[in-house]
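Visitor:
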Amino acid sequence: MSDSPAARLQLLFEGHRLTPTQRRIAHCMVRRAADVPFLSSVELAELAGVSQPSVTRFAVALGFDGYPALRRHLREVVPQEAESGRDAVDDTYNEYQQAVQAEIENLRHLAEMLAQPGPVERAGRLLAASRPLPVLGLRAASSQARGFAYFAAKVHPDVRLLDEGGSMLCDRIDTARRAGASALLCFALPRHPKEVVETLAYARSAGLTVVTVADSAFAPVAAHSDLLIPAAVGTGLAFDTACAPMLLGRVLLEAMCDGLPDAQARLEDFDTQAAERGLFAE
4 MSDSPAARLQ
14 LLFEGHRLTP
24 TQRRIAHCMV
34 RRAADVPFLS
44 SVELAELAGV
54 SQPSVTRFAV
64 ALGFDGYPAL
74 RRHLREVVPQ
84 EAESGRDAVD
94 DTYNEYQQAV
104 QAEIENLRHL
114 AEMLAQPGPV
124 ERAGRLLAAS
134 RPLPVLGLRA
144 ASSQARGFAY
154 FAAKVHPDVR
164 LLDEGGSMLC
174 DRIDTARRAG
184 ASALLCFALP
194 RHPKEVVETL
204 AYARSAGLTV
214 VTVADSAFAP
224 VAAHSDLLIP
234 AAVGTGLAFD
244 TACAPMLLGR
254 VLLEAMCDGL
264 PDAQARLEDF
274 DTQAAERGLF
284 AE
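Going by my numbering, the residue at position 88 of the sequence shown is 91; the numbering climbs one at a time, nothing skipped.
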């Protein structure tokens with residue numbers, strides 16, 4: 004794990020059983036890691052969309068006497084230079100520019116996390132070894148799953164997209180497991196459908212190793228994931244933006260290719276066929 008403020012905060016939360024409201028506060032704190040040591044409990048509550056007493060209860064759940072004690076601790080563990088990050092978003096930016104700047108910050112956090120590539124490399128090996136490879140993503144995450152599956156199918160011999168819910172979803176997982184699947188990749192983004200949580204629990208009970216890309220290490224799917232890699236979403240617009248999860252999906256594709264000896268040959272074969280068919284305009 005990197006030594007970024009966000010990474011230090013995640014270490015603080017690990018090992019604690021948090022309620023959904025507390026996970027929401029933790030997620031907000033990680034996303035605003037540079038700011039949070041300087042926020043009052045009221046300000047943090049407003050940012051997280053919870054009550055001020057919820058913030059106090061959260062601090063107590065972490066083992067502190069109250070929020071002031073938690074904030075003092077945060078000022079010790081978060082590097083002092085992070086204070087300058089509070090002014091990172093220029094107030095002169097309009098709302099559209101602020102949304103873009105927030106996504107840039109999410110990508111910066113992702114880059115810091117990838118300084119320790121172990122989890123991504125492990126995920127790549129798991130995905131490469133699974134034949135077939137089911138890829139799950141419902142509702143807001145369906146486009147992430149579909150994009151990953153589209154490219155993965157060019158190098159992996161058997162990718163099975165699961166982007167529609169319903170009673171047949173578990174049937175399709177059973178079919179993949181009987182065909183030899185050993186892992187499942189899930190993209191999970193807010194708002195998290197209950198069906199995704201239930202499906203991951205079922206997949207694990209069926210013997211699959213669950214690799215999850217989620218917006219936070221505290222997402223509801225965390226309890227049903229063997230390996231969760233977080234990538235924050237932007238919340239500055241009416242609908243969330245997911246540049247970091249998309250890029251993390253491409254990074255996982257790269258890591259998976261490293262575990263597929265014939266990946267390059269498959270890509271070259273596709274290029275040859277595409278040229279013969281005149282598939283692309285250029």
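Note that CB positions come from ideal geometry on N, CA and C, so glycine has one too.
Tell me the residue span of the alpha helix (DSSP H) that contains L231.
Guide: No alpha helix (DSSP H) holds L231; the beta strand (DSSP E) holding it covers 230-233.
Visitor: Please report the residue range of the beta strand (DSSP E) in which T244 lies.
Guide: Note, T244: premise wrong, no beta strand (DSSP E); not H, not E.
Visitor: Assign Q267 to buried or exposed, taking buried as 16 or more other Cβ atoms, counted over all protein chains shown, within 10 Å of its Cβ.
Guide: Exposed is the call here.
Visitor: Mapping DSSP to helix, strand and coil, what is L187?
Guide: Residue state, collapsed to three classes: strand.
Visitor: Can the beta-carbon of Y70 be found less than 7 Å from the beta-carbon of A64?
Guide: The answer is no: Cβ separation not under 7 Å.
Visitor: Assess, as a yes-or-no matter, whether the segment 156-169 is touched by the segment 116-124 under the definition of 3 or more beta carbon pairs within less than 8 Å.
Guide: The segment 116-124 vs the segment 156-169: no contact.
Visitor: If distances are taken between C-alpha atoms only, which option among T95, F41, E98 comes closest to A72?
Guide: The residue with the shortest Cα to Cα distance from A72 is F41.
Visitor: Are three or more beta carbon pairs between the segment 261-275 and the segment 134-142 nearer than 8 Å?
Guide: No, because fewer than three Cβ pairs between the segment 261-275 and the segment 134-142 fall closer than 8 Å, the two stretches do not touch.
Visitor: Compare the C-alpha of H1 against each of L188, H195, F221 and name the closest.
Guide: The requested residue 1 does not occur in the structure, where the chain is confined to residues 4 to 285.
Visitor: With a Cβ-Cβ cutoff of 7 Å, do L47 and V58 count as a contact?
Guide: Yes, the pair counts as a contact, with Cβ atoms nearer than the cut-off.
Visitor: If I measure Cβ to Cβ from A9 and keep anything under 6 Å in the same chain, skipping five residues before and after, which residues do I get?
Guide: Excluding residues within five positions, the ones whose Cβ falls inside 6 Å are V33, A36, H112.
Visitor: How is L139 classed by DSSP in three states: helix, strand or coil?
Guide: If DSSP states are grouped into helix, strand and coil, L139 belongs with the strands.
Visitor: On a Cα-Cα basis, can you pick out the residue from A179, N109, R280 that is closest to C31?
Guide: Ranking the options by Cα distance to C31, first place goes to N109.
Visitor: Using 7 Å as the threshold, is the C-beta distance between A234 and P248 below it?
Guide: Result yes, Cβ atoms of A234 and P248 sit closer than 7 Å.
Visitor: My assumption, with CB atoms under 8 Å, is that A204 sits in contact with H227. Please give the rounded CB distance.
Guide: Rounded, the Cβ-Cβ distance is 5 Å, consistent with contact.
Visitor: Rounded to whole angstroms, what's the CA-CA distance from D229 to C246? Just pull it up for me.
Guide: Rounded to the nearest angstrom, the two C-alpha atoms are 24 Å apart.
Visitor: Given D161, which residues of its chain have a CB within under 6 Å of its CB, disregarding the five upstream and five downstream residues?
Guide: Cβ neighbours of D161 beyond the five flanking positions: R134, P135.
Visitor: May I have the straight-line CA-CA distance separating K157 from S185, to the nearest angstrom?
Guide: Between K157 and S185, the C-alpha separation is close to 20 Å.
Visitor: Short check: CB of V236 to CB of D218, under 7 Å?
Guide: Yes; because the gap between Cβ atoms is below 7 Å, this pair is in contact.
Visitor: Taking a contact to mean a Cβ-Cβ separation below 7 Å, would you say L263 touches A131 in this structure?
Guide: It is a contact, given that the beta carbons lie within the stated cut-off.
Visitor: Suppose only complete runs of 3+ residues qualify. What are the beta strand (DSSP E) ranges in the segment 101-161, listed by chain order?
Guide: Qualifying beta strand (DSSP E) stretches, in chain order: 136-139.
Visitor: Among S43, L172, A102, which residue has its Cα nearest to the Cα of L240?
Guide: Closest option to L240, Cα to Cα, is A102.
Visitor: Give the straight-line distance between the Cα atoms of F16 and Q25, rounded to the nearest whole angstrom.
Guide: Approximately 10 Å between the Cα atoms of the pair.
Visitor: Would you check if the distance between the CB atom of L172 and the CB atom of L187 is smaller than 7 Å?
Guide: No, the pair does not count as a contact, with Cβ atoms beyond the cut-off.
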